[in-house]
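Straight run, no breaks: the sequence shown in the numbering used here ends on number 320.
To start, the structure itself, in C-alpha cells.
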Amino acid sequence: MARIWVYAEMTAGGVVEKTALEILTKARTLDGDVEAVALGPGATAAAAILGEHGAKTVYASDDPVYGEYVAWPASHALHELTKEHQPNLILFPSTYESRDVAARLAARTGSTIMSNATDLLGASSAQTAIFGGSLLVDVTLEGPDPKIVLVRPKSFDAEPSGGSAQVVPVEVAIPDAVKRSKRVERIVAESSGPKLEEAPVVVAGGRGLGNRDNWKLVEELAGAIGNAAVGATRAVVDAEWVPYALQIGQTGKTVKPRVYLAVGISGATQHIVGMKSSDRIIAINKDAEAPIFQLSDLGIVGDALKIVPALVQEVKSRKA
Ligand SMILES: Cc1cc2nc3c(=O)[nH]c(=O)nc-3n(C[C@H](O)[C@H](O)[C@H](O)COP(=O)(O)OP(=O)(O)OC[C@H]3O[C@@H](n4cnc5c(N)ncnc54)[C@H](O)[C@@H]3O)c2cc1C
C-alpha cells in the first residue's frame, strides 16, 4: 500500500496551515497510509487536529529552528525522514513557505515535482488546470519516489473524520550549514474584518473603478454588507491602489466565498482561477460582453461608480 505524506506547515501562530487539513481530508480517501509531518513550535499539539483530519501518524518536532530559518532546515529534516521511512508521495500546501520547502526537497531527492494540483487521483497521479483554467488534465508522475505534489488551496473542503494520530518525535539534527536564511522580522499586514480566504462574502474591485480614490467604494460596500472582505485584481495591485495581500488569482490568493461581488473586473482567466469556485458570483461591469458575465449568477451592466453608491445605500437602509 502506498505511503502518502502531507506536509503540515506550521504557521507563525503555532497552528497548522489550513490547506494541510484540506489535503489530509482528500488524502484519506486515496488508497494508502496517510501520515503527516509537522515541524516548528506547536507541531506536537497539532497532531490532534491532523489525526482528526486523517493522519494516522504525525512526525513532529517543536524545535523553533524551523520557524527561525526559512525552508532549509525543514527540507533537510524531510529529506532525512524520507530516507528512513520511504514515502511514495509527499503532498504540500501551495503556500509561499511550503513551496520553498518542497522545491528544496525535490532538489535533494531528484523527485518529480508537480505544482498547482487541483485534485489528487492516486499515489502517482493528480489533476491540474491548464490554459488559464479552461482545461483540466490528469497527470501521471514518473521518476523516483517520493513524488512531490503542491496542492492549490481550497481544492477540497477540510472535514474532520474523528480519527487520531500516533506522534513520532522527529529527532533529526539540524546542521549549521542549513541555517542559511534567518527570518529577521515578520510584518503582519494590517486588516480589519474577516480574512480574505475565509470571508463568506468577498467584494473585489478591478481597474474599472478608474482610480485609487474610487477604491473606497469597494470598502464601503464591504463595510455595509458586514463580515465581508475586500479583494482585488492584479491590475489594481500593480497600479499600487492596494497591497499585494489583496490580490486574487493565479499569482494571488484563491477564495471560495458564498458570494463574490466583482466590481469593474473584466474576468481575465488569471483572475478567474482564484475565484471561480465561489458559490454565487455577482458582477458589475459597464461592458455587457465582459468575460466575467459568463460565469456570473447575476450580472449588472452599468457604471460601477453609480451602481455601487446606490447599492451601499440600499444595503444600509434594508439593514436599518
Ligand atoms: C502570468 C500572469 C499572472 C497573472 N495573475 C493574475 C492574478 O493573480 N490575478 C489577477 O487578477 N490578474 C492576474 N493577471 C492579470 C490578468 O491577465 C488581467 O490583466 C487582470 O486580471 C485584469 O484586471 P482587471 O479586470 O481589474 O482590469 P481590466 O481587464 O482592465 O478590466 C477592467 C474592467 O472594468 C470595466 N469597467 C471600466 N469602467 C467601468 C465602470 N465605470 N463601471 C463598471 N465597469 C467598468 C471594463 O469594461 C473592464 O471589463 C496575470 C497575468 C499574467 C500574465
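Idealized CB from N, CA, C, for every residue including glycine.
Between Ala123 and Ala38, the gap from beta carbon to beta carbon reaches 9 Å or more. Boundaries cannot be given for Leu209, as no alpha helix (DSSP H) includes it and DSSP labels it neither H nor E. Around the beta carbon of Glu9, 16 or more other beta carbons sit within 10 angstroms, so the residue counts as buried. Ligand 1 never approaches Asp62 closely enough for any of its heavy atoms to be under 8 Å from the residue's Cβ. With fewer than 16 other Cβ atoms from the protein chains shown falling within 10 Å of its own Cβ, Glu289 counts as exposed.
Proximity of the region 44–54 to the region 8–22 meets the contact definition, three or more beta-carbon pairs being nearer than 8 Å. Closer than 8 Å to some heavy atom of ligand 1: that does not describe the Cβ of Val172. Annotation for Val301: the continuous beta strand (DSSP E) segment containing it runs 298–301. When DSSP reads this structure, Gly231 sits in a beta bridge with Ala204. For Gly299, the Cβ stays outside the 8 Å cut-off from all heavy atoms of ligand 1.
Under the three-pair Cβ rule at 8 Å, the region 125–140 does not count as touching the region 170–177. Residue environment for Ile284: buried (at least 16 other C-beta atoms within 10 angstroms of its C-beta). Per DSSP, reduced to three states, the secondary structure at Gln250 is coil, with no helix or strand assignment. Non-local C-beta neighbours of Ala117 in its own chain, meaning closer than 6 Å and more than five positions away in sequence, comprise Ala126, Thr128, Val149, Val151, ordered along the chain.
With respect to Ser61, Ala71 sits apart: the two C-beta atoms are not nearer than 9 Å. Bounds of any beta strand (DSSP E) do not take in Ser98; it lies within the alpha helix (DSSP H) bounded by 96–109. Counting only residues of its own chain and dropping the five nearest sequence neighbours on each side, Tyr260 has a CB closer than 6 Å to the CB of Val202, Met275, Ser278, Ile281. Per DSSP, reduced to three states, the secondary structure at Pro93 is strand. In the assembly as shown, Leu246 is a buried residue. Its beta-carbon has 16 or more other beta-carbons within 10 Å.
Taking 8 Å as the cut-off, one finds no heavy atom of ligand 1 near enough to the beta carbon of Leu221.
In the structure shown, Thr44 falls within a helical segment according to DSSP collapsed to helix, strand and coil. When only Cα atoms are considered, Arg28 and Asp145 end up about 19 Å apart.
Note on geometry: alpha-carbon atoms of Ala107 and Ala74 lie some 13 Å from one another. Met1 is not bridged by DSSP to any residue.
A contact between stretches requires three or more CB pairs, one per stretch, nearer than 8 Å, and the region 194–211 meets this requirement with the region 223–230.
Assigned with DSSP and collapsed to three states, Asp157 falls in coil, not helix or strand.
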